[in-house]
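Undergrad:
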Amino acid sequence: MEANKIKGESKSIVLDNGAELTYCEYGKENKEVLIAGAFYFHTLMPVIEGLAKRYHVYGVVMRFDGITDELNPDGTTHWGRQWGKDIYDFSQKLGITKFHYNGKCHGTVPGWCLVKEHPEVLETFSSFYLAPHLRKQNSRKWFDLLDGEDPTKMMAVAMRKPEGLKAKMEEMAALGGGAPNPAIEEYATSPEKIWATQEACKEALENMSIPVGYMFGTIDPLFEDYFDSNMYAMRNTKGSRAVILGGECHLMELDCPDRVVNEVFMFIDESKKSY
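Going letter by letter, the sequence shown gives residues 0 to 274 in numbering that gives the first Met the number 0.
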């Protein structure tokens, strides 16, 4: 169990294929289920706890290793598809037939896999701060910051409120390191790789049957890096709801977690109406 990846009580479950997943659970008193995937749940916990005021929330850690069965032709793991299969297998193991899925940045990737492979289990899909990339990348601001030697420089442009830096650095210390191989970053930032071709991904957006909610912040470097792709996704995902928040950065869960929660609530509420 990867207990260090969750701030607070953590649980583990062994899937039918033998893989172990670490997760947290909140809001058991609520009827509707919401599953959120992420690499870790530390600074994201205020969002999870906020969502649990209305939903039975499971926060599932997206693993970096262990038993895998979603393989590329060369035998390597297709982590984008594996994370999606993990979430699906997790839900089936717990007897969950329908749920809302919420992901932020890398956490959206399992949701896109569910859209492709198991749309029948999805009530809604909140795809916050990341969309499939179907246009040429505009810049490398975010990745240049990630590659830099001083993580505080990246944090300085990733959040509005400087007081959030302490919490983020504590989170990094608790985790004790990042992704163990470059493939993790490749799949974590590229939900379009769920599909065999970009044309197939494009067709999936245009024929979407699941309510999809996008949210971005205007001063998030990653939003700027993929500006054309983000705009394309928002304009071409059938029936989607898109919100672009002026002045918000990438680490919105640190700056204003309640606003993230409220956007999820509004999106789900509107998905139930016939506009």
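Beta carbons: idealized from backbone N, C-alpha and C, even for Gly.
Judging by CA-CA distance, which residue of VAL114, SER189, THR76, LYS201 is the nearest neighbour of THR123?
TA: Out of VAL114, SER189, THR76, LYS201, VAL114 has the C-alpha closest to the C-alpha of THR123.
Undergrad: Compute the Euclidean distance between the alpha carbons of GLY246 and HIS105, then round it to the nearest angstrom.
TA: Rounded to the nearest angstrom, the two C-alpha atoms are 21 Å apart.
Undergrad: Count the other CB atoms, across all protein chains shown, that sit within 10 Å of the CB of LYS84; report buried if there are 16 or more and exposed otherwise.
TA: Buried.
Undergrad: Given this structure, state the Cα-to-Cα distance separating LYS10 from VAL60, to the nearest angstrom.
TA: LYS10 and VAL60: Cα-Cα distance of roughly 10 Å.
Undergrad: On the CB-based measure, 16 or more other CB atoms within 10 Å of its CB, does ASN229 come out buried or exposed?
TA: Buried, since its Cβ has 16 or more Cβ neighbours within 10 Å.
Undergrad: Residue range of the alpha helix (DSSP H) that ILE47 falls in?
TA: From DSSP, the alpha helix (DSSP H) with ILE47 extends over 44 to 50.
Undergrad: Would you mind listing the alpha helix (DSSP H) stretches within the stretch 158 to 220 that are 4+ residues and don't spill past its ends, in chain order?
TA: Fully enclosed alpha helix (DSSP H) runs of 4 or longer: 163 to 174, 181 to 187, 197 to 205.
Undergrad: Beta-carbon within less than 7 Å of LYS27's beta-carbon, same chain only, minus the 5 sequence neighbours each way: which residues are those?
TA: So the list reads HIS55, once near-sequence residues are dropped.
Undergrad: Report all residues from its chain with a CB closer than 8 Å to the CB of HIS77; omit the five preceding and five following residues, and keep chain order.
TA: So the qualifying residues of the chain are GLU69, LEU70, ASN71, TYR186, LYS192.
Undergrad: Can you tell which of ASN261, ASP224, PRO256, PRO131 has the C-alpha that lies nearest to the C-alpha of HIS41?
TA: That would be PRO256, whose Cα lies nearest to the Cα of HIS41.
Undergrad: For GLY163, which residues in the same chain have their Cβ closer than 6 Å to its Cβ, ignoring the five residues on either side in sequence?
TA: Closer than 6 Å at Cβ, skipping near neighbours: LEU253.
Undergrad: For GLY238 and TYR39, what's the separation of their Cα atoms in angstroms?
TA: Their backbone Cα atoms lie some 30 Å apart in a straight line.
Undergrad: With distances taken Cα to Cα, identify the nearest neighbour of HIS249 among PHE266, LEU145, SER273.
TA: The option with the nearest alpha carbon to HIS249 is LEU145.
Undergrad: Quick one: Cα of SER273 to Cα of MET168, how far?
TA: The alpha-carbon atoms of SER273 and MET168 are separated by roughly 44 Å.
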